[in-house]
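In case it helps, my numbering puts the sequence shown at residues 72 to 578. All C-beta atoms, glycine included, are put in the ideal place defined by N, C-alpha and C. Following: one structure in structure tokens, then a few remarks.
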Amino acid sequence: MGNETELKFEASPQDLKRLKTSQLLHRRMGKPVKEENLISVYFDTDKRKLKRTGFSLRVRHLGDKRVQTIKTQGAGGPFIRGEWEHKIKSGVPDLRAAHGTALAPILTKKVKRSLKPIFETRVHRTTVPWRKNGSRIEVVFDEGKIRAGQKSAQINEVELELKRGKALDLFKTARLFRKHVPIKLALRTKSERGYDLTSDNAALSSRAERIELQRNTSTAEAFRIIGRSVLRHVVANAAAVQTADPEGVHQMRVGLRRLRTLTWLFKELIGGEQTERIKAEIKWLTGELGPARDLDVYVRSTIEPSKGTVSPRQGVQELASELAARRATAFANAKRAIASPRYQRFAFETFEWIEIGNWAKHSDSAGGRAVKRFAKDILTQRTTKVMKKGKKLQKLNPGQRHKLRIALKKLRYTTEFFESLFKGSTAAKHRLEFVGHLKDLQDGLGALNDIAVHQQMATRLAGHKKKPAPAFAAGVVSGREQSEIEPLLKGAHTAARKFAHARRFWS
């Protein structure tokens, strides 16, 4: 087995050509440039058994040669991946060569019989050798297409693979390239993109993936594993935001909140000036996306359903048109933020911070601690505080309820980060109960917070003297929402009481 340590970037065809032909590359070459055409066929079952278990299986055609490669995402995410490679005789997988690999236990007789070609990539690859401070790096340019039936997607990528040396030199090289052309960090593999093409209802947006930790994983490595996954969640939704997809905006904001929770959870390990800069950029990007999300929820959940039930109807129609225009502006602003150099810098520097940040230079004592003990302590502390506040829910003012809602979100994300450490049927049962009650309380407080946000919007509209009809309609709608507060408070109180008795799955 080998490990790939690599950084992948996407670029426009023009920028890729500029980088590939630049003197920056050619004056550093130690060996001749290698050019080759590659056809790679990916295999799986109809039910995507390999994908669901975290593997990819491909057969690559290099002229007359055939090479079978098994890859696993594993704990390393897109930065470090397990890889098993064997020369085979035909274009059909030789599963005998899978013996001794992590894929072997998955290859039951049924799976073996069900394997078939799912999609393929055809690329022209240019490989340039590169040296940086004694480290040996391969710079790989891939240009071509992914095909799945009648569907296809372009490939314009540059990969930096560390063959020998330090990860620091890999990032230094990437920084040098990013100064030359605007390459964009890519955290999705070709196989992931290929699987997307095979889906009949592939969504633009992307949800958080399950995080797998081992009980003997160190706290420092757990931070990296969780960080990679969370950053993937953020970056994977960039394309959806750029198409004004509401769910993409929502999922990117969720990813950013999870990233902020990560900085809070591991603050003793990662504290410092660099981390503060990352937190400031998380806050900036969250702020750029917030108005689009808030306006979209207000229009879809409150204004649109009120069109046929609130008088005067003309005022509601004008209000809907006014808010739709504001929503369009907010989505355009979010799109500009994602297209900006600042966002691309944020994505790259956050990845660099996760992998080789300044925190890693002084993390020996805190970072070496077993993550399971760390997880138990943090879950106990946060749950105790949240339950204590939840018992006083009826006495909390809107601002205090908002703080409790944020604390619940942090606890829920913390549970998602660490749940894989607590195995067994009893722990699973208790976790479902714990998360269920936690979610009910969070949803109740979320609905109350939405009303508070909507009331702020209505107040601003009410002061718009040049548009009295939509301002009046906003006041009427706000009054109807006001009547919902008391039932929501009672429901939240019931949820808080149930949550207070939920069993702790980590005990």
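| query | So, do the segment 265–284 and the segment 247–256 have three or more beta carbon pairs nearer to each other than 8 Å? | reply | No: the two stretches stay apart, fewer than three of their Cβ pairs being nearer than 8 Å.
| Opposite Lys203 in the DSSP bridges: which residues? | The residue you call residue 203 lines up with position 132 of the sequence shown. DSSP lists Ser206 as partners of Lys203.
| query | Leu340: which of Ile425, Ala405, Met323 sits nearest, CA to CA? | reply | Here residue 340 corresponds to residue number 269 of the sequence shown, with the count starting at 1. It is Ile425.
| field | Exposure label - Glu552; buried when at least 16 CB within 10 Å | value | Your numbering for residue 552 matches position 481 in the sequence shown. Its Cβ being crowded by 16 or more others within 10 Å, Glu552 is buried.
| request: Please look up how many angstroms separate the CB atoms of Phe585 and Ala257, rounded, as I've assumed it's under 8 Å. | output: Summary: the structure shown does not reach residue 585, with the chain confined to residues 72 through 578, and so no result is reported for it.
| task | Let me know the secondary structure DSSP gives Asn108 once reduced to three states. | result | As a first step, residue 108 is located in the sequence shown; it is residue number 37 there, counting from the start. Residue state, collapsed to three classes: strand.
| field | alpha helix (DSSP H) runs contained entirely in the segment 151–223, provided each spans 4 or more residues | value | Listed in chain order, the complete alpha helix (DSSP H) runs (minimum 4 residues) inside the segment 151–223 are 180–185.
| field | Contacts around Leu356, its chain only, beta-carbon distance under 7 Å, and the 5 residues preceding and following it disregarded | value | Taking the sequence shown and counting its residues from 1, the one referred to as residue 356 is at position 285. Excluding positions up to five away in sequence, the list reads Leu327, Ala408, Tyr414, Phe417.
| By DSSP, does Arg281 sit in helix, in strand, or in coil? | By 1-based counting over the sequence shown, the position of residue 281 is 210. Judged by DSSP in its simplified three-state form, Arg281 adopts coil rather than helix or strand.
| field | Residues near Arg331 in its chain [Cβ-Cβ closer than 6 Å; skip 5 each side] | value | Your numbering for residue 331 matches position 260 in the sequence shown. Only Ile353 meet the Cβ criterion.
| query | Which full runs of the beta strand (DSSP E) of 3+ residues lie inside the segment 339–381, going along the chain? | reply | Complete beta strand (DSSP E) runs here, min 3: none at all.
| query | With respect to the beta strand (DSSP E) encompassing Ser127, which residues constitute its N-terminal and C-terminal limits? | reply | Translated into the one-based positions of the sequence shown, residue 127 becomes position 56. Ser127 -> beta strand (DSSP E) spans 126–133.
| field | N-terminal and C-terminal residue of the alpha helix (DSSP H) that Gln313 is part of | value | Counted from its first residue, the sequence shown places residue 313 at position 242. The continuous alpha helix (DSSP H) containing Gln313 extends over residues 309–313.
| Length at least 4, wholly inside the segment 220–267: the alpha helix (DSSP H) runs in chain order | Fully enclosed alpha helix (DSSP H) runs of 4 or longer: 238–251.
| Alpha carbon to alpha carbon, what distance is there between Ala82 and Ala224? | If you number the sequence shown from 1, residue 224 lands on position 153. If you number the sequence shown from 1, residue 82 lands on position 11. Each residue's Cα considered, the two are about 14 Å apart.
| said: Can you look up Lys463 in the DSSP assignment and give me helix, strand or coil? | reply: Residue mapping note: residue 463 aligns to position 392 of the sequence shown, counting from 1. The DSSP-derived three-state label of Lys463 is coil.
| query | For His572, which option in Lys158, Phe505, Thr373 has the closest C-alpha, if you only look at C-alpha atoms? | reply | For the purposes of this step, residue 572 is taken as the residue at position 501 of the sequence shown. The residue with the shortest Cα to Cα distance from His572 is Phe505.
| Who pairs with Glu77 in a beta bridge, going by DSSP? | Here residue 77 corresponds to residue number 6 of the sequence shown, with the count starting at 1. Per DSSP, the beta bridge partners of Glu77 are Glu232.
| query | Which word fits Ala399, buried or exposed, when buried means at least 16 other C-beta atoms lie within 10 angstroms of its C-beta? | reply | Translated into positions along the sequence shown, residue 399 becomes position 328. Label assigned to Ala399: exposed.
| If you draw a straight line from the C-alpha of Trp430 to the C-alpha of Ala446, how long is it? | On the sequence shown, residue 430 is found 359 positions in, with the first residue counted as 1. On the sequence shown, residue 446 is found 375 positions in, with the first residue counted as 1. The straight-line gap separating the alpha-carbon atoms of Trp430 and Ala446 is approximately 20 Å.
| message | Taking the alpha-carbon of Gln139 as reference, which of Gly153, Gly162, Arg119, Thr455 has the nearest alpha-carbon? | response | Taking the first residue of the sequence shown as 1, we reach residue 139 at position 68. Residue Gly162 is the option with its Cα nearest to Gln139.
| query | Given 8 Å as the limit, is there contact between the segment 115–130 and the segment 285–303, that is, 3 or more CB pairs closer than that? | reply | These segments do not touch.
| field | Pair within 8 Å by beta-carbon distance, Leu360 and Arg324 | value | Taking the first residue of the sequence shown as 1, we reach residue 360 at position 289. Taking the first residue of the sequence shown as 1, we reach residue 324 at position 253. If you check the CB distance, Leu360 and Arg324 come in under 8 Å.
| query | When the Cβ atoms of the segment 505–517 are set against those of the segment 464–476, are three or more pairs found closer than 8 Å? | reply | Taking one beta carbon from each stretch, the segment 505–517 and the segment 464–476 have 3 or more pairs nearer than 8 Å; the two touch.
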